[in-house]
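Residue numbers (our numbering), protein chains in the order written: chain R, 1 to 98; chain Z, 1 to 238.
Single-structure report; data block below.
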């Protein structure tokens, strides 16, 4: 299982990797409130896809099992919010790996 | 994209027969690793060939298959989205809804799912070449092909939009529209139908696997990195 704290750490690793590769220029510190998708997000559309695909790989590697971050399912689990936060994504990851 | 001389990984859908079977064998002979799929068992035996039974119209099956390919080969350099369903020609007024829906599910949704899943990994590696397969039916507007030609026309539009969306990730997306290839299925149509189809073309002969593969090599070559969103029609002028 990947718990919420570990999921946030995997997201931070992903963001750091994207920064090292030059995909994002600023240094981002991930917290539960960090906006991943929606107004205030630091990611453009391609950056978002890259981030989700990369986190998906990290989650699978961490848990030793194939897991898929399915955008429609993420949206369903976060339907009452106008944006996707790192905390909401972490909760979704904890749920699918639990 | 890797440089010439390094082993490349090519993913091809619909490799159990026809065009997919032919180009899979072509690229295996050229030293590529090939990951193929079809609705049935493998018809290719080669140590660098990895086969999976996949219904590309099923989103979950595609997701699992593409992950398996990525896990096995660690990268995907080229995707040839070839699998498709070509029903017998039927006038629009005679085409059952079930035929139309099967066609849209395989030709449009199937291609969409495969391109989507493969492009995620190509985005992470910041390179790749996606080649979709359309048809001469799009340019000929022949009676009896309304559903099939519409699905293949959608492939062209989808690919052009993908080309725009994925360009900044270093991924090119292009289309091949082959004319007639003499597969078993085409041969079974009979001499009369084949003759009539060829008469509509500018180059009035069947194309070969080597000619189709040559276009794939061209689109995926390192020197073609500035070519994206293009369609090559074989045998006719559009």
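Don't be surprised by glycine CBs; every beta carbon is placed ideally from N, CA and C.
Keep in mind the model is a prediction, meaning the values are calculated, not measured.
- Per the DSSP secondary-structure output, residue 79 of chain Z pairs in a beta bridge with Z:11, Z:130.
- Counting only Cβ-Cβ distances below 8 Å, residue 121 of chain Z has contacts in chain R at 53, in chain order.
- Close to residue 43 of chain R, with beta-carbon spacing below 7 Å, lies no residue of chain Z; the smallest spacing is near 13 Å.
- Residue contact check for residue 92 of chain R against chain Z: no CB pair falls below 8 Å.
- Judged by DSSP in its simplified three-state form, residue 48 of chain R adopts helix.
- Short of 7 Å from the beta carbon of residue 126 of chain Z, and not among the five residues preceding or following it, lie these beta carbons of its own chain, in chain order: 169, 170.
- Counting along the chain, the unbroken alpha helix (DSSP H) around residue 26 of chain Z starts and ends at 18-29.
- Considering only beta carbons, the part of the region 53-70 of chain Z lying closer than 8 Å to chain R consists of 63, 64, 67, in chain order.
- Within the region 162-190 of chain Z, those residues whose Cβ lies closer than 9 Å to any Cβ of chain R are, in chain order, 165, 166, 168, 169.
- Residue state for residue 106 of chain Z is assigned as helix, using DSSP reduced to three classes.
- Contact residues of the region 124-138 of chain Z toward chain R are 124, 126 (C-beta to C-beta distance below 9 Å).
- Per DSSP, reduced to three states, the secondary structure at residue 49 of chain Z is strand.
- Within its own chain, the residues whose Cβ lies closer than 7 Å to the Cβ of residue 85 of chain Z, once the five positions on either side in sequence are excluded, are 102, 103, 106, 107, listed in chain order.
- Think of a sphere of 9 Å around the beta carbon of residue 46 of chain R: the chain Z residues whose beta carbon falls inside it are 123, 165, 166, 168, 169, in chain order.
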